[in-house]
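Protein chains in written order, with my numbering: chain A, 1496 to 2381; chain B, 1496 to 2381.
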């Protein structure tokens, strides 16, 4: 049997399916799947990835028989669409797109309107009755084809277009007439001849094979090769080519184009929700240049006519398709459609992006509707997305000075200073300011500014505009299409609906759930964690194995974390207590003491305060485990460094400025990260750790004795790199702890363990486990030492590393599993080898990052610990870990 | 058969032997060995380590039968020595010493003169005819026993002695009379009664068992337990107890004591060499308080009578023993002897410490004499010791203003400023000064000062004085017993033989090989690397497998290293070239450029200079491999940092001071060790590495083309932590290298590889090896990151860590095999897994440290690279590695 190279799709029948991604590429498989479930997809065919492989095997020759197969499939399209490729009267136009297994930048993307030439353009005029439309399509084709297929610099023709507009003295492309386009096309063809030495191809077959060859050729261009190398994609995979008939939503008033979500992507409500434009191209809806019309009256308060009113039959068909889609894909869909002369075509369907609130509601609803299982529901909510739900919203009782109203494009609330460009947003944010990015509309160039901003406000664009979609993905609050405001970039200001001027730096507040824009800063309230969220989290907790603790240093943080479901404290940093205003003086006195006696005097002042902290935290945690890390940072962190500060402190402490400065200088370190800190302080100044252990144990003994508490404090020694350090410090800690128990007449049990935060600790964890009852992986410092990368200094190159994909992600955000993770795994294995019941946890910031939590589950940690607000995220990720394993 | 607990030795017969260390401890086994080869050892017995084990098993009860065995063995001693334990007329006195398998601080050490009481002291008076001697021995016994056996604070009796001296108005113990000692003994006994509530034991049997019990008890004291814990010594090993009859060299003029070496420990010449004192104790010789007499006339120019003249029969016996010893131990011995009433006793023999020169000569001579094999000879020389031979000695043609002459105690030559205390020596050395430590005599408290000094000069003491022995061990030059000088600590000066005054800070020069002291600084010449040394190194090179390269950045260093036997360059640091005076301006211009064009202009000025460097180095290395590391340090290292320096540079460069300061500040890093350096510079500023690769390749191409060279440059990318960094930089390097080859019309092959100096590089070495043709382990940085320990900042705690044995050694000196070594091993294994023929080397400073070199051999590296002067050390260590494996 001859090998099959080409796979047809159209009119409800497809030779491929959604499962054939390897053969048809991602795009080809999706088109086949949509077709086969009965959606009206414009007919087309996919040239398989095997052709690409053959092509390169045979010195860039196509396999025998390919041409015939393509011709046969083209004929099928012609028949189905009632048009003919290259026909002067009723020509078929096609798009040609690449499509590999994985989406791959650097390859040829798309050529539209292929099949146009001086003759067929006449047919398009005849069919559409719109000469301007036809010539516009033709000139676009020449531009696109010359650039991506013929390899001409795109600026050359673009410049020619700009020159024409100057001659005509018009600003926009839309101001040019059919005659202008016709003149331009003639000019374009001349330029192509001059630049390339051959005419622009008029033969549609030549155009088609040119485009197909360009797709296959682009598989081996430098950018694609580099990308594959960086992402370990084998060259053998190859790319497919998709040829599909063109349909037009801009051929007249019986044409339209639109996008829709099968449920509300913002709230999750079961309402069919979308926007469309009559006589328009798809990009017109997304770009936000014209304000789109609603598809129905179920949502919003637009006064424009709805699709169910204007095109009722098409709308009815769309509703039917919506129902098919939700049943088939069992998830909310984001769809694109075009209506050409009253005929509906589906261009795309995919799982819709949604807010966290919507994700939770849709997941819970679909369980209730019997569409999905609880486990599937849990997997439907991205852990990171929860962040949106866990942050404050505007206080409903606070006064609001509403100055404008737009679309509630992405929920949440935010206050900040007004800025007008992405660069400024980033700059202000770096300086510690909270900003609101205000734009007429946003584009991909603004992404970094949107990241830096607290919220985004745009004057134009709908719920599916760039600003709205991106903001929802980021979990940022966004008010879009706010026509009430007039933005003046030049003057760096905007005016509200009353004409009041807001300048750069003025404070405003957005409510992304109502679309309101307010002057000044409006207070917020804590999020509600019940309802659908509560229901989902019950399922989550039933599924997960990994415990989730929190990093908390105060009774207040401890309470917040408990409310978020924390099951203990994994990291209580005692030095944070040292910094409090009334204590810092005693701490400095300790540091400045020249002898042991002086240090002991100062420590005696600190101990009652530390004890008080621990009492508060233990009470708040109600018997849950609490891991307390003894002093970690270098002592110079507690001293001032500028001359002014030193002078002030010297006066306050009644010591000479010179002596104080000398002490500060003597404590200076070249690489404080690798300096005299952590357990090294405990070794050189044992009295500091003794004081801390005493404070911990006194608090515990008092609670056990007087309040009937049940508590096992976990004393954690930081920065151990060699077991002998721990042996000495553990012996000291036990001595102090036992003495305290004796003094109180109690028998409070306690654990002594260590952070594993240096490569050497992981490498020698078998020895260290001899002295440690628990390990807590301090992956922040472990990442710094494993990479030899200072978090404080990485700013000059780390962004570039992430951008160039040298690092797949910032290793301080997502745990580097292949390097740092290897050490964590090694630490676990070696630790358990010595002490099978050793408690294992992680307390770096990775403990709240989903991919890292999943890794921690996989290697069998007992718990992760993270900041209070990330506790629910870690819980959900831990449940995902279980489900992904199955 | 009953278990045997006690092992006798004496009169040529011993029940134990040198091989029974586990049962008899180190000391007991040695005494048995000496006895059994026929040496006249004072008779005694060893209570085995099994008794210790039994003792602790049975709740501190001695095993049955022990008392009888001890009594029987004591009777044997009595018989052999013709004395009786506790006898009033002719009493046997014994010493009691602990002795475990490994020497162990914290345990009870020694009690001498045991058996003395108010009655037996009369017997000692009668036998010695010296009342003062007898009472002195008695009071010493009470002091020692009260302290180490009865546990009394040693200061109490010492204070009582001081009070007596004050009452008598004398300064030294030697000024006290027999009557004084008698009075003191009465007082001591009263004090013991008061302090302890029971009288000092008068019964010799009670004394003996008290001392034995104290030895066993000390096995479980806190210091011993801690020591065992830190050194992984099991408690089950236990300690032995040695009981040996006392002999006295200070009982009259027919008594003497001395120490000797079977060959000259300074030159290695085959001359029996030693010193003795008539009517003296062993410690008198070592302490250097009296100037000792020579044992013969073969050496030195002492005018004092020699032993061969004064005690010819004893000397003849000693020579006979010397010959037995060298045959038996097949090495030069360091012996201690005592003559009691004309009878010679051997107290100790051990392999003698020696200078490097002596070590080499003795080893080579012993091969010639047929005593040892070449392999043994190679093992006889400690690699680190060679250092002494590799440094300059005084220029024989230089003028010498000799101001004094002492003993040539440790060879070599040194100049420095005079200091009079160890603390000052250390302080001056920290300030960058070279110093000579001048002392009347030295003691163990002076060790740190001796380390810090270039050389040591003492006014008193012989060739075996503390100063002499320690200096030889350290490889420091030392002139001892220089009676020509008068040291005045108070005035901080010394006067020479002419009465000329030398004050603190004055420059002097020592010649440790002649004993001469010179005013001012005398020039030096390079060492001679032929003769015995050359002979030994030929054997070394025949044995070793590991190649030895050098770290060299200049043609001069390259030449020195070649002369020392380097087989290539393992690390050529290109940044050292950047610092040179005429280049630093261009480098700074590059750093201060705001754009790529500016940087390229500056780099164009640097490239000819870099190329010149490489031409010089390649020529010097004559085709041997040269590994060149591209720029590594952060750019701010090239800029000035103080305000004054910045102002000067700004003026010189014609830029504003403010702008320059701002640039310097913008380059500031919190942890430069972990900052924007190494390959991160190559990624962000590819033009810098491009320039360097071009310079390397141009130099290579020119030499190949014009001078017929055969050369394969090895281009090394530093600080890689992720394979993608290397993939990008390797591609860049290949592009530049290939273009250079094309320009020259050459086909110079080159390798591209990387440093493995970050934990992540070792952990992912399998991936990195895909892009690397060689690995060079940068163990300096790898140690810093693995330990999280900045070399620049470790001063505040690292010395304490080494002192407390938390770290067995400074990990920047000797490679930490269990932690850092694990990563090196992993890097090798993973690297070879991907690329079996990958070249592996090490270029950290560990490459010249013997234990690290042996480790590198074990894990199968291809080469080590070290500083030029350490190349012979590494060669020798590499040979040791082979021999130790066998």
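Ideal Cβ placement from N, Cα and C applies to all residues, glycine included.
Just so we're clear, the structure is a prediction, and the values are computed from it rather than from any experiment.
Thinking just about the alpha-carbon of each residue, which of 1898(B), 2029(B), 2226(B) is nearest to the one in residue 1981(B)?
The candidate whose alpha carbon is nearest that of residue 1981(B) is 1898(B).
Name the chain A residues that come within less than 8 Å of residue 2275(B), Cβ to Cβ?
Simply none; closest approach about 12 Å.
Going by CA-CA distance only, name the one from 1880(A), 2215(A), 2261(A), 1715(A) that's closest to residue 1555(A).
When each option's Cα is compared against that of residue 1555(A), the closest is 1715(A).
Please report the distance separating the alpha-carbon of residue 1496(A) from that of residue 1619(A).
Interpretation of residue 1496(A) is limited by its pLDDT of 45, a score under 50 that renders its predicted location unreliable; the figure taken from the coordinates is listed afterwards. One C-alpha to the other measures close to 41 Å.
Beta-carbon within less than 6 Å of residue 2204(A)'s beta-carbon, same chain only, minus the 5 sequence neighbours each way: which residues are those?
The answer, listed in chain order, is 2198.
Roughly how many angstroms lie between the CA atoms of residue 1592(A) and residue 1605(A), to the nearest whole one?
Going from the Cα of residue 1592(A) to the Cα of residue 1605(A) covers about 5 Å.
Rounded to the nearest angstrom, what separates residue 2331(B) and residue 2297(A) at their Cα positions?
Distance between the alpha carbons of residue 2331(B) and residue 2297(A): 32 Å.
Would you mind reading off the limits of the beta strand (DSSP E) that contains residue 1592(B)?
Taken as a continuous stretch (DSSP letters only), the beta strand (DSSP E) holding residue 1592(B) covers 1589-1595.
For the beta strand (DSSP E) containing residue 2044(B), list its first residue and its last residue.
Segment 2042-2046, the beta strand (DSSP E) holding residue 2044(B).
Assign residue 1540(A) to buried or exposed, taking buried as 16 or more other Cβ atoms, counted over all protein chains shown, within 10 Å of its Cβ.
The residue in question, residue 1540(A), is buried, as its Cβ has 16 or more Cβ neighbours within 10 Å.
On the DSSP bridge assignment, give the partners of residue 2013(A) in chain order.
BP columns for residue 2013(A) point to 1897(A), 2004(A).
Does the Cβ-Cβ distance between residue 1986(A) and residue 1975(A) come in under 8 Å?
Not a contact, by the Cβ cut-off of 8 Å.
Tell me, please, whether the CB atom of residue 2287(A) is closer than 8 Å to any CB atom in chain B?
Residue 2287(A) counts as touching chain B.
For residue 1524(B), is the classification buried or exposed, using 16 other Cβ atoms within 10 angstroms of its Cβ as the cut-off for buried?
Buried, because 16 or more other Cβ atoms sit within 10 Å of the Cβ of residue 1524(B).
Which two residues bound the contiguous beta strand (DSSP E) that contains residue 1865(A)?
No beta strand (DSSP E) holds residue 1865(A); DSSP gives it neither H nor E.
Residue 2338(B) and residue 1879(B): beta carbons closer than 8 Å?
Their beta carbons are not under 8 Å apart, which means residue 2338(B) does not touch residue 1879(B) by this criterion.
According to DSSP, simplified to helix, strand and coil, what is residue 1765(A)?
Here residue 1765(A) sits in coil by DSSP.
Taking C-beta to C-beta, are residue 2166(A) and residue 2166(B) nearer than 8 Å?
Yes; because the gap between Cβ atoms is below 8 Å, this pair is in contact.
With a cut-off of 8 Å, do at least 3 Cβ pairs link the stretch 1528-1536 of chain A to the stretch 1594-1602 of chain A?
Because the criterion of three Cβ pairs below 8 Å is not met, the stretch 1528-1536 of chain A and the stretch 1594-1602 of chain A do not touch.
Give me the subset of the stretch 2227-2261 of chain A whose CB atoms are less than 7 Å from a CB atom of chain E, sorted by chain position.
Any reference to chain E falls outside this structure, whose protein chains are A and B.
To test your reading of the DSSP string, which unbroken alpha helix (DSSP H) runs of 4 or more residues are found completely within the stretch 1595-1640 of chain B?
Runs found: 1615-1623.
Quick one: list the residues of chain B neighbouring residue 1719(A), beta-carbon separation under 7 Å, in chain order.
Residues of chain B passing the Cβ test: none, with the nearest at roughly 15 Å.
So, using beta-carbon positions, are residue 2346(A) and residue 2044(A) closer together than 8 Å?
It is not a contact, given that the beta carbons lie outside the stated cut-off.
If I measure Cβ to Cβ from residue 1575(A) and keep anything under 7 Å in the same chain, skipping five residues before and after, which residues do I get?
Same-chain partners within the cutoff: 1505, 1506, 1538.
Within its chain, find whatever has a CB closer than 7 Å to the CB of residue 2218(B); leave out the 5 residues flanking it on each side and keep chain order.
So the list reads 2259, 2262, 2263, 2265, 2266, once near-sequence residues are dropped.
Residues of the stretch 2313-2337 of chain A with a CB closer than 8 Å to any CB of chain B: list them in chain order, please.
From the stretch 2313-2337 of chain A, only 2313, 2314, 2315, 2317, 2318 have a Cβ closer than 8 Å to chain B.
Would you mind giving the Cβ-Cβ distance between residue 1787(B) and residue 2061(B), rounded to the nearest angstrom? I have them listed as a contact below 8 Å.
Between residue 2061(B) and residue 1787(B) the Cβ distance is about 44 Å, and since that is not below 8 Å, they are no contact.
Using a Cβ-Cβ distance under 8 Å, would residue 2171(B) count as near chain A?
Interface residue, yes.
If you reduce the DSSP assignment to three classes, tell me which class residue 1480(A) lands in.
Given a span of 1496 to 2381 for chain A in the structure shown, any question on residue 1480(A) remains unanswerable.
Residues of chain B with a CB under 7 Å from the CB of residue 2141(A): which are they?
Near residue 2141(A) there are no residues of chain B at all, since even the closest Cβ is about 18 Å away, more than 7 Å.
Going by C-alpha to C-alpha distance, which of 2251(B), 2278(B), 2290(B) sits closest to residue 2164(A)?
Out of 2251(B), 2278(B), 2290(B), 2290(B) has the C-alpha closest to the C-alpha of residue 2164(A).
On the CB-based measure, 16 or more other CB atoms within 10 Å of its CB, does residue 2227(B) come out buried or exposed?
By the neighbour-count rule (16 or more Cβ atoms within 10 Å), residue 2227(B) is buried.
If we require 4 or more residues per run, which alpha helix (DSSP H) segments fall completely within the stretch 2354-2380 of chain A?
As far as the stretch 2354-2380 of chain A is concerned, its whole alpha helix (DSSP H) runs of at least 4 residues are 2366-2380.
Would you kindly work out how many angstroms separate the C-alpha atoms of residue 2149(B) and residue 2069(B), rounded to a whole number?
Going from the Cα of residue 2149(B) to the Cα of residue 2069(B) covers about 27 Å.
Are the C-beta atoms of residue 2295(A) and some chain B residue less than 8 Å apart?
Yes, contact with chain B.
If we ignore side chains and look at the alpha-carbon of each, how far apart do residue 1564(A) and residue 1696(A) end up?
So the two alpha carbons sit approximately 23 Å from each other.
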